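Let me begin by presenting the structure, written as structure tokens, before commenting on it.
Printed below as a string of structure tokens:
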């Protein structure tokens, strides 16, 4: 099968023929119709996450999939051949920039019927990240206030929509070019980080969702109320003691695969509560160009790679 692989850390992707993955008893064989790019794909390729994700070289890139089930492991009862599905596989499973992928059934959900494979493939990693940050970790409730950084990005664009669905007041940071887009996504307060300081605009917030780290995270503690929560997806954890000084909580997490959560996200997509935001689509033959475009920081929403 055709796949986009990394032969050495720091090298560009190579499109080549490799063996089809082997079906496991608890897994599904999925014919991949589309996948999408996430910033972590470039971090892994560059070798920055070797200690966390010691993938054997060469490896297939990719963390999102939408496609059709072509074979079912003997222990699986929840899916059948022909089902349209989407998923974020576990980190050490086979990558998704390939014609076929094997994924544990517990990490898979049925594709929302109203979404194309391209739209569905844009969701799993970013939507699970937003869900786990806002629902699982922060327990965001109606009437609370949340600040979401990088509101026009893959994670931020879904987080805004999810937070509004949960009944929260949403403030979001973005660049000048994306102010209108972030308003359309549902943000109540839109902050142009190039010309405004978010810490001067929002105060006494219940939750901050940090997707940037660094100075942005450090400044974010000041906008939280006492007992508020900062959730970050950018390592390393804050060990400076700033959170304690402000009387707030701080947590860093790395998202995990979950078919159960993805099924709930899929229902919201079917109700048009969550709408995928896709910037650009590339064929598999241009997978490296897709990663380069992601690295440029110009994308609004997600970058999709079509396989079939």
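In the UniProt record's numbering, the protein residues as written are 1 to 308.
Each residue gets a CB set at the ideal place from its N, CA and C atoms; glycine is no exception.
This structure is a prediction, so every number in the text was calculated from the model and none was measured.
Mind checking whether residue 280 and residue 36 have CB atoms under 8 Å apart? no
What whole-angstrom Cβ distance do residue 290 and residue 282 have, given they're in contact under 8 Å? 4 Å
Rounded to whole angstroms, what is the Cα-Cα separation between residue 156 and residue 148? 7 Å
For residue 34, does the count of other Cβ atoms within 10 angstroms reach 16, so buried, or fall short, so exposed? buried
Just how far apart, CA to CA, sit residue 42 and residue 224? 32 Å
Could you check where the alpha helix (DSSP H) with residue 216 kicks off and where it finishes? 214-220
Label residue 81 either buried or exposed according to how many other C-beta atoms from any shown protein chain fall within 10 Å of its C-beta, with 16 as the threshold for buried. exposed
Residue 11 versus residue 5: straight-line alpha-carbon distance, rounded: 10 Å
For residue 242 and residue 95, the rounded distance between their alpha carbons: 38 Å
Since residue 205 is in the alpha helix (DSSP H), which residue starts that stretch and which ends it? No alpha helix (DSSP H) contains residue 205, which is instead part of the beta strand (DSSP E) from 205-210.
Keeping to the same chain, check which residues put their C-beta closer than 8 Å to that of residue 236; ignore five residues upstream and five downstream. 252
Segment contact flag, the segment 118-132 with the segment 75-89, C-beta cutoff 8 Å, min 3 pairs: yes
So, are the CB atoms of residue 221 and residue 246 less than 8 Å apart? yes
Where the beta strand (DSSP E) containing residue 2 begins and where it ends: 2-6
What's the gap between the Cα of residue 287 and the Cα of residue 105? 27 Å
Looking only at DSSP bridge pairs, what is residue 36 linked to? 304
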